[in-house]
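Below: one structure, written as structure tokens.
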Amino acid sequence: MQYLSSRGSCPSVSAAKAIVNGIAPDGGLYIPEQVPTMGQGEWLQWANLSYQERSQSILKRFLTDFTPTEIAACINYAYNEKNFDHAQIAPLLEVSPGFHVLELWHGPTSAFKDMALQILPHLLTTSMKKTSEDNEIIILVATSGDTGKAALEGFKNVAGTRIVVFFPAEGVSQVQRLQMVTQLGDNVNVAGVVGNFDDAQNGVKRIFADQQFSEVLAQKRLKMSSANSINWGRLLPQMVYYFSAYLDLLQKERLASGETVNIVVPTGNFGNILAAFYARRMGLPVKRLICATNRNSILADFINSGIYDRNRPFYKTISPSMDILISSNLERLLAEVSGHDFAQVQNWMSQLVGSGRYEVPLELRERIQEVFWSDCCTDEQTIACIRRVWEKHNYLIDTHTAAAWHVYERYQEQSGDKSPAIIASTASPFKFGSSVAEAILPEKERKGQDEFTLIKRLSEWTGIGVPEGIRDLQERPVLHKTTTKPADMQYALAQFLNL
Ligand SMILES: *Cc1c(COP(=O)(O)O)cnc(C)c1O
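The numbering of the sequence shown is my numbering, which starts it at 12 and goes up by one.
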């Protein structure tokens, strides 16, 4: 199968090439030429398969230029009991009748990005071999917190790659900083940037744009690449767990074959929910995709009005991984629902760059609304939801998952639809321990306490163990002590690479 650019101005490429390129040369995102569809007779038989076997069955339909052995090797490197603390990898739990929580945070960094970033490095290195790309790949990341750590864990010690992460020295939590500066691995570097996330991100963009620097690297057989969520190799592995969740429901006899479910996703960059959209296109019986946002409600507004408008204030919320004003993966959805009208997509994206706004025609909006339903959740509603779910069901959810839960309750009230729901739980509650503690612990237990103490108290109070990746962070040696001014990031990178 070939992949096309969502902006239509460059030739189609193989899956391997799409993964190596990341972004298409015309600035578009790669989408499959045609989404492979599967009859239910085919995949309903997978109920007794393991997560790894289910992955193989999905991935091979998209990675048609990979051999079955290559795909299996990637899967085995990623989804094993060394990297994941749950044998089922992405277990599904019925927390309240019809509310099935899909726990996507059993990987090394306790958040859902591990589901893709554990396998992406292997898909990438395999793709490099297939496309005769023999340079060493330098993965450059600017992170506001979680992606950097997930990328470090994914790429550490992967032959043929190096990873360099820049984080804003003043802009990440204590836990996030320690997670990164204690990172193990022979091919990893981490540096704090004196500034905020924008400073770090702009610095990385400048490095990518510096032709001269790229040529210096090329002479040393080095090539820069990114691991961000627009890479097809990150989106594809995310389709698997939606099939897997449905199959788990069948296996537990919570569903009849072919019965429809709703899927609820706390959404930021639109990657996770887009994977569910593709799963539905492949034939998964999904009635509605529920897109939950926080106070940064740009996606909810778009789905409800057809107008995407980033001219609005940016809010810092307690679900920071959804604090986003540009949801890059939405471009793929537009390409799909417009029936590959790439000229139109190109036009909307130019408007977004120019005026920060575009509007899709009514007919297209209606097509989106047939599948998607969306609403937002404030910080207060998030806290109240965490408390309610804990008190009623004795189950602890993080701030992002709570936004999804809250929005699904809203959906049920407004639609009367009582279909069972798969709720994507995107982080362990301990990953956002301070906010979860605020929802659960009495004030005297938490007043004036730092993040680490709060995590400990939360664990004692609930009787739930802290995940290994967060547990003993304070005792680990700090291995990365570099800090750099934004203007000196390229110099720091050159030093890391011994140029
Ligand atoms: C990244 C992230 C999200 C948002 O996922 P998108 O694919 O960007 O929509 C939600 N929750 C958590 C915890 C995340 O890390």
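C-beta: ideal position from N, C-alpha, C; glycine also.
**Request:** Since I believe Val175 is in contact with Leu504 (beta carbons under 8 Å), could you give me their beta-carbon distance rounded to a whole number of angstroms?
**Result:** 6 Å
**Request:** Please find out if some non-hydrogen atom of ligand 1 comes closer than 8 Å to the beta-carbon of Asp157.
**Result:** yes
**Message:** Checking the sheet assignment: what are the DSSP bridge partners for Cys396?
**Reply:** In the DSSP output, where bridge partners are listed per residue, Cys396 has none listed.
**Asked** Is it true that the segment 393-409 meets the segment 441-457, where meeting means three or more beta-carbon pairs spaced less than 8 Å apart?
**Response** yes
**Short Cβ contact (9 Å threshold) for Val272 with Ile433** = yes
**Message:** With H, G and I counted as helix, E and B as strand and the rest as coil, what does DSSP make of Leu104?
**Reply:** strand
**Message:** Against chain C, does Gly109 count as a neighbour if the rule is that its beta carbon must be under 9 Å from one of theirs?
**Reply:** Structure shown: chain C not included; a single protein chain is present.
**Asked** Does ligand 1 have a heavy atom nearer than 8 Å to the CB of Pro518?
**Response** Nothing can be reported for residue 518, as the shown portion of the chain is limited to 12 through 510.
**Message:** I want to check one thing, is the minimum distance from the CB of Asp499 to the heavy atoms of ligand 1 below 8 Å?
**Reply:** no
**Asked** Cβ of Arg72 within 9 Å of Cβ of Met12?
**Response** yes
**Item:** Check: Thr437 C-beta below 8 Å from any heavy atom of ligand 1
**Value:** yes
**Request:** Would you identify the three-state DSSP class for Tyr90, choosing helix, strand or coil?
**Result:** coil
**Message:** To the nearest angstrom, how far is the alpha carbon of Ile42 from that of Gln187?
**Reply:** 33 Å
**Message:** Which residues does DSSP list as the beta-bridge partners of Val175?
**Reply:** Leu151, Asn200
**Message:** Quick check: the Cα distance between Gly39 and Tyr289, rounded to an integer number of angstroms?
**Reply:** 18 Å
**Request:** Tell me whether Arg323 is buried or exposed, calling it buried when 16 or more other Cβ atoms sit within 10 Å of its Cβ.
**Result:** exposed
**Prompt:** Just the Cα atoms here: how many angstroms apart are Arg378 and Tyr326?
**Reply:** 30 Å
**Request:** List the whole-angstrom C-beta distance separating Val152 from Ala180, where the pair is believed to meet the contact cut-off of C-beta under 8 Å.
**Result:** About 15 Å separates the two Cβ atoms, so there is no contact after all.
**Request:** Compute every distance between the C-beta of Phe123 and the non-hydrogen atoms of ligand 1, then say whether any falls below 8 Å.
**Result:** yes
**Asked** When the Cβ atoms of the segment 146-163 are set against those of the segment 211-221, are three or more pairs found closer than 8 Å?
**Response** yes
**Request:** Just the C-alpha distance for Asn239 and Phe281, rounded to the nearest angstrom, thanks.
**Result:** 12 Å
**Request:** Quickly, what does DSSP pair Arg368 with across the bridge? List them, please.
**Result:** Asp320
**Asked** Is Val276 near ligand 1, with its Cβ less than 8 Å from a heavy atom?
**Response** yes
**Request:** Quick one: residues in its chain with C-beta nearer than 6 Å to the C-beta of Gln501, no 5 flanking neighbours on either side, listed in chain order?
**Result:** Ile218
**Message:** Restricting to Cα atoms, I'd like to know which of Ser330, Arg232, Leu295 is closest to Ser143.
**Reply:** Arg232
**Request:** With distances taken Cα to Cα, identify the nearest neighbour of Val275 among Ala435, Leu261, Glu486.
**Result:** Ala435
**Prompt:** Do you know offhand how far Leu285's Cα is from Lys455's?
**Reply:** 42 Å
**Contact belief for Ile130 with Pro248 at Cβ below 8 Å, rounded distance in angstroms** = 5 Å
**Request:** In the DSSP assignment, find the beta strand (DSSP E) that holds Glu264 and state where it starts and stops.
**Result:** Counting along the chain, Glu264 falls outside any beta strand (DSSP E), and DSSP gives it neither H nor E.
**Request:** From the DSSP output, read off the bridge partner residues of Lys234.
**Result:** Ile148
**Request:** Measure the alpha-carbon distance for Arg457 versus Asn340 and round it to whole angstroms.
**Result:** 38 Å
**Message:** Starting from Ser68, trace the alpha helix (DSSP H) in both directions and tell me its first and last residue.
**Reply:** 62-73
**Item:** Val371 beta carbon less than 9 Å from that of Trp359
**Value:** yes
**Message:** For the pair the segment 349-359 and the segment 292-299, tell me if three or more CB-CB distances fall below 8 Å.
**Reply:** no
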